[in-house]
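>
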């Protein structure tokens, strides 16, 4: 297998991770209740417009699909030359401005609500529009901006409870994979130019260690979360049904106990291993 193959796989899985983490980001935090949308509605209502952005069941799917398409187009344009990228961006912005102006004056048979919906799809798909070119063209600035938007765009004033722990863990895992694989591709692309023959094994080792580390971290976090359920089964019923035990503080104590038992087990195993080595 050539040196470029594992690097291309890193690109592919980084983009897939970005799509997955953006999806779970919108599942965890409803973008309709995000601070960005609330702030935009306040501004539009102050000038006489209300409910400019309308959310439907297919809004998230269409925004992700549009983000993938536009991100791919921008990646290809930027790959050819910066002038091509600027030209594509200029044509797209000009087209949107002209359509908005003509639709507002009733000169074309396109309702303003349709353009508003299209603008909403672009806004929600912005992390993909910026993230895909950042991975393909190894642009760390766009990579950081895309990661920032994934977290910030759906951010709302309401928090989450532990009922979405699986979705949160999936988001964290895919988010870290996107960043690590995107940045790792840029780093090891430079390494392949310096050491063309040995970079293949280095890239494979990096990916293996990254996946193993994430698997262990997510596995331990999941085990720590469900350890609370084990504690509820072992403890007396009166205590297990108490308010203190079932709040976030009770879960925090369960997590603390889990990692305390984990640390104690590691100490005992390491001591027994060292004692066996000394005897041998």
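Residue numbers (the working numbering): 1459 to 1738. Just so it is clear, CB atoms sit at the ideal spot from N, CA and C, and this is done for glycine as well.
1) In the DSSP output, which residue or residues are listed as bridge partners for residue 1614?
2) Look at the Cβ atom of residue 1494, then the Cβ atom of residue 1611, and state whether they are nearer than 7 Å.
3) What does the Cβ neighbour count give for residue 1569, buried or exposed, with the cut at 16 atoms within 10 Å?
4) Among 1552, 1712, 1684 and 1554, which has the Cα closest to the Cα of residue 1621?
5) Please give the ranges of any beta strand (DSSP E) in the region 1634–1680, keeping only runs that are unbroken, at least 3 residues long and fully inside the region.
6) Provide the residue span of the alpha helix (DSSP H) that contains residue 1533, from first to last.
7) Could you check whether the region 1536–1551 touches the region 1482–1498, counting it as contact only if at least three pairs of C-beta atoms, one from each stretch, sit closer than 8 Å?
8) Output the boundary residues of the alpha helix (DSSP H) element that contains residue 1592.
9) Looking at residue 1533: is its Cβ nearer than 7 Å to the Cβ of residue 1591?
10) Label residue 1646 either buried or exposed according to how many other C-beta atoms from any shown protein chain fall within 10 Å of its C-beta, with 16 as the threshold for buried.
11) Within 10 angstroms of its Cβ, does residue 1734 collect 16 or more other Cβ (buried), or is it exposed?
12) Helix, strand or coil for residue 1707 per DSSP?
13) Rounded to whole angstroms, what is the Cα-Cα separation between residue 1686 and residue 1713?
14) Let me know if residue 1662 comes out buried or exposed under the rule of 16 or more other beta-carbons within 10 Å of its beta-carbon.
To lay it out plainly:
1) According to DSSP, residue 1614 bridges with 1492.
2) A contact, by the Cβ cut-off of 7 Å.
3) By the neighbour-count rule (16 or more Cβ atoms within 10 Å), residue 1569 is not buried but exposed.
4) That would be 1684, whose Cα lies nearest to the Cα of residue 1621.
5) Whole beta strand (DSSP E) segments, 3+ residues: zero.
6) Where residue 1533 is concerned, the enclosing alpha helix (DSSP H) starts and stops at 1517–1538.
7) No, the region 1536–1551 is not in contact with the region 1482–1498.
8) Element bounds for residue 1592: 1584–1594.
9) Contact flag set, yes.
10) Classification for residue 1646: buried.
11) Its Cβ having fewer than 16 others within 10 Å, residue 1734 is exposed.
12) It is helical.
13) Here the C-alpha atom of residue 1686 lies approximately 7 Å from the C-alpha atom of residue 1713.
14) By the 16-neighbour rule on beta-carbons within 10 angstroms, residue 1662 is exposed.
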